[in-house]
Amino acid sequence: MTATQETTQPFRVAVFADFVCPYSFLAVEQMDRLAREYDVQPLWRPHLLHPETPPEGKMRERNAETIASDERRHAWFKEMAPEQYPRIRFPQKRQYSMLAFEALEFAYDRGLDFPYKTALYDLMWTEGADIGEHETLMTAGERIGLNPAEMKIALYERHYAERALAAVNQAREIGIMNTPTIFLGKTRINGWTYYEVMQEIMERQGMHPREAIAS
Amino acid sequence: MQMQQCYVVDSANAPWKRSASEGVSFECQVLLAGDDGGPEAMRFRFDDCPSVYAHMHLTPQFQLLLGGAMDFPRGVKHLEALAIHYTDHNMPYGPFAVSGGHDMLVLHPRAGGIISMANLEARRKINLRGRLFASLASDTEWQPLPDIESGAFKLLMPHDFGPAAVVVKVPAHAALAMPAPEFGRYEVVLEGSVIMEGQEITPPGFRYVRGDTAAAPIISGENGASVAFLTFDQNALEGGIIEGSLAVEAAEAMARAI
Chain A
298 MTATQETTQP
308 FRVAVFADFV
318 CPYSFLAVEQ
328 MDRLAREYDV
338 QPLWRPHLLH
348 PETPPEGKMR
358 ERNAETIASD
368 ERRHAWFKEM
378 APEQYPRIRF
388 PQKRQYSMLA
398 FEALEFAYDR
408 GLDFPYKTAL
418 YDLMWTEGAD
428 IGEHETLMTA
438 GERIGLNPAE
448 MKIALYERHY
458 AERALAAVNQ
468 AREIGIMNTP
478 TIFLGKTRIN
488 GWTYYEVMQE
498 IMERQGMHPR
508 EAIAS
Chain B
3 MQMQQCYVVD
13 SANAPWKRSA
23 SEGVSFECQV
33 LLAGDDGGPE
43 AMRFRFDDCP
53 SVYAHMHLTP
63 QFQLLLGGAM
73 DFPRGVKHLE
83 ALAIHYTDHN
93 MPYGPFAVSG
103 GHDMLVLHPR
113 AGGIISMANL
123 EARRKINLRG
133 RLFASLASDT
143 EWQPLPDIES
153 GAFKLLMPHD
163 FGPAAVVVKV
173 PAHAALAMPA
183 PEFGRYEVVL
193 EGSVIMEGQE
203 ITPPGFRYVR
213 GDTAAAPIIS
223 GENGASVAFL
233 TFDQNALEGG
243 IIEGSLAVEA
253 AEAMARAI
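Just so you know, the protein sequences line up as chains A and B, in that order. Residue numbers for the first sequence follow the working numbering, so the first one is 298 and each next one is one higher. Residue numbers for the second sequence follow the working numbering, so the first one is 3 and each next one is one higher.
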């Protein structure tokens, strides 16, 4: 028997990132925009940037070197993300990501991982919340309509601890080194890049904005 | 057969000009203008600045950091002299900070212009396969140079990267011969002096050669020499100030800057 089976594979977009990475915060808005403008459903996956961070977090050192480094980082964000920069609150403490990854898995099982990551990044990077704290994770969940009682149990009883750890290990196994690492179809982008670069990559792979298709 | 190109530049005698671009102040020397279709080379001394704007050039580029420091908050991180920073054509970099008596050579195989990444059209022209590499000379050990007693060299880029950067240190009167520079090579004097095409050149003078036959060896002077050999690969054939609005803007922006 001969048969031709047409399969329409969805165009895959995936981002490996850590909530504590400010460059990943910039990628959140880009991915949200990509999802609005193109027929794609980006998947947000964990990449643990600082495995050594304890659950209570770690205060950043203040010395001449870190002050100079902060000044350069502020200058970078001011130029590269002029719209977001005034809202960004750089934390004084390196925060613990693993609980947030567990919360992301919880949201994934309810089809809300994509809005959940946006809510959580916003809490951390624009409202100064600590993602190592259960309250922050719960607040993000409530904002996007996750069941608070169910989420509370899942987080406190660590229902998603193994899965989050497996996801972190998987990222390491496939060689993720940068946060964010962005996959647009067949193209891998290591680190933050301009939205226009993503548009170019999408179009080179035959993906056009919904607006263009409609017209 | 390719016509041999050879330019010798004595940087010590080139005039300095004070200038500014997008709020960043500096002094510069235009060492090779590139207006004959040949290489473009400049020397910049930026005033201390926390953020030199993100930009790209339309040709590949070697930056040879001769003094001070450059800090890139993302990716490359901290460079201090002596260091190299290489980018393919249309490969953006920055913003970056400069400090500590910054002094660098900017070396292109042809006129490369400059485009601020604030330009949205330019972002669509980024070289998606573009390479970027940076390293500090102090991170690499010296190795003995075959055939020249007490000579030494260090590779500043992995040998299989494509473009190549090597620093060679030799005693007096040593002949330094290199393979044919098919895509172009800068040979920059870092210490001592060398005889190039019959001229004695001191730091940071240089020779640019390109062709499919080997250039005449350079000879170290009375006190020996240290020389950086910065060799382009086939990416030198890409990009450049050719037709299109981006090319026009890049050329105009560079002209305004220098």
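Positions of the beta carbon are idealized from the N, C-alpha and C atoms, including for glycine. Keep in mind the model is a prediction, meaning the values are calculated, not measured.
TODO: Please list the segments of the beta strand (DSSP E) lying wholly inside the stretch 325-383 of chain A, counting only runs of 3 or more residues, in order along the chain.
DONE: 340-343
TODO: Buried or exposed for F387 of chain A, please, with buried defined as at least 16 other CB atoms from any protein chain shown within 10 angstroms of its CB.
DONE: exposed
Task: Top-ranked residue by Cα proximity to F208 of chain B, from B:D12, B:R133, B:G70 - done: B:D12
- [ ] Step through the CB atoms of chain B and report whether any lies within less than 8 Å of the CB of I428 of chain A.
- [x] no
Open item on the list: Quick test of the definition: if touching needs 3 or more C-beta pairs under 8 Å, does the stretch 82-96 of chain B touch the stretch 33-44 of chain B?
Closed with: no
Open item on the list: Could you compute how far the alpha carbon of R258 of chain B sits from the alpha carbon of S21 of chain B?
Closed with: 9 Å
Open item on the list: Taking CB distances under 8 Å as the criterion, tell me whether E497 of chain A reaches chain B.
Closed with: yes
Open item on the list: Taking 6 Å as the limit between beta carbons, can you name the residues of its chain near P319 of chain A, skipping five residues before and five after?
Closed with: none
Task: Local conformation of L127 of chain B per DSSP, three classes - done: In the sequence as displayed, the identity of residue 127 of chain B is Lys instead of Leu. In this structure, K127 of chain B counts as coil in the three-state DSSP scheme.
- [ ] Keeping to the same chain, check which residues put their C-beta closer than 7 Å to that of I116 of chain B; ignore five residues upstream and five downstream.
- [x] H57, H59, A252, A255, M256, A259
- [ ] For I128 of chain B, go through chain A and note every residue whose CB falls closer than 9 Å to its CB, in chain order.
- [x] T490, Y491, E493, V494, E497
Open item on the list: To test your reading of the DSSP string, which unbroken alpha helix (DSSP H) runs of 4 or more residues are found completely within the stretch 436-501 of chain A?
Closed with: 445-453, 458-470, 492-501
TODO: Show which residues of chain B have a CB atom less than 9 Å away from the CB atom of W422 of chain A.
DONE: Correct list: empty, because the minimum Cβ distance to chain B is about 16 Å.
Open item on the list: Rounded to whole angstroms, what is the Cα-Cα separation between D406 of chain A and W422 of chain A?
Closed with: 25 Å
TODO: Using a Cβ cut-off of 8 Å (strictly closer), state whether S222 of chain B contacts chain A.
DONE: no
Open item on the list: Given this structure, state the Cα-to-Cα distance separating A372 of chain A from A85 of chain B, to the nearest angstrom.
Closed with: 23 Å
Task: Rounded C-alpha distance that separates V190 of chain B from E202 of chain B - done: 13 Å
Task: Touching by the beta-carbon criterion (3+ pairs, under 8 Å), the stretch 392-407 of chain A and the stretch 450-465 of chain A - done: yes
Task: Given H87 of chain B as reference, the closest of B:V54, B:V100, B:L138 once Cα atoms are compared - done: B:L138
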